[in-house]
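What follows is a set of notes on a single structure, which appears directly below.
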Amino acid sequence: MTKKKKASRVVTAEQVAARKPGEKPEAQLDSHNLYKGKIFQLDRDHVRFPDGSEADMDIVRHPGASAIVPFMSDPEGENPQLLLLRQYRYAAGGYIYEVPAGRLDAGEAPADCAVRELKEETGCTADKMEPLFTMFTTPGFTDEKIHVFMATGLTRGETAKEADEFADVVIMPLAEALELIRTGEIMDAKTALSILYAAGFRTGT
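In structure tokens form, the structure reads like this:
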């Protein structure tokens, strides 16, 4: 049986801004766990919507992650250089370009996670780790958030990659990374958005 679709309401930006901070239009009435793995868990929530209707929703619970846009040279200077990973991803069917990133450990602050992941994946430490923005990855079915940082003043060292991580560290001009986003060769969403944000708001590009 096909569910009847409802028409979307059109509201103004002022109406959205007038809503109370933290207002939740959906209410969780019940929840039970379907699966728990080492990275995420899958819950089935019974939810009441703003119009009073109810439904079951499958939600992937994730601890969140931090991602880092690392600059090997002054991001405000001429021809700034990025440090990226060319990493094997089974789900993507091969190697893809990514910014360094990783999930938060229990109780870990996003900034601490960013420092740890940068060191583990690239061997680098940073003089400055600046928060840029936080995003939901796929809010239709998961609560995962990625906290994005920009790292500058890098010092190279040894990596500490996990056994199932296969990646090469690539130094690339920011202009080339932007071109790879334009042509679709950089396909990872967090990587494309993080680089575009840094280029638009934190560099001289």
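Numbering-wise (my numbering), the sequence shown opens with residue 3 and increments by one. Don't be surprised by glycine CBs; every beta carbon is placed ideally from N, CA and C. This structure is a prediction, so every number in the text was calculated from the model and none was measured.
{"Asked": "C-alpha gap between residue 127 and residue 89, whole angstroms", "Found": "20 angstroms"}
{"Asked": "Straight-line Cα distance separating residue 83 from residue 134", "Found": "18 angstroms"}
{"Asked": "From 151, 171 and 67, residue whose alpha carbon lies closest to that of residue 158", "Found": "171"}
{"Asked": "Residues near residue 91 in its chain [Cβ-Cβ closer than 6 angstroms; skip 5 each side]", "Found": "98"}
{"Asked": "8 angstroms contact criterion, which residue 78 and residue 205 should meet: CB distance rounded", "Found": "6 angstroms"}
{"Asked": "CB contact flag (residue 189, residue 94, <9 angstroms)", "Found": "yes"}
{"Asked": "Cutoff 8 angstroms; reference residue 187; Cβ partners in own chain excluding five residues on either side", "Found": "99"}
{"Asked": "Sequence ranges, beta strand (DSSP E) only - wholly within the stretch 29–87, length at least 3", "Found": "29–38, 43–50, 56–63 and 67–72"}
{"Asked": "Complete runs of the alpha helix (DSSP H) confined to the stretch 163–201 [at least 4 residues]", "Found": "176–185"}
{"Asked": "Burial state of residue 151, where buried means 16 or more other Cβ atoms lie within 10 Å", "Found": "buried"}
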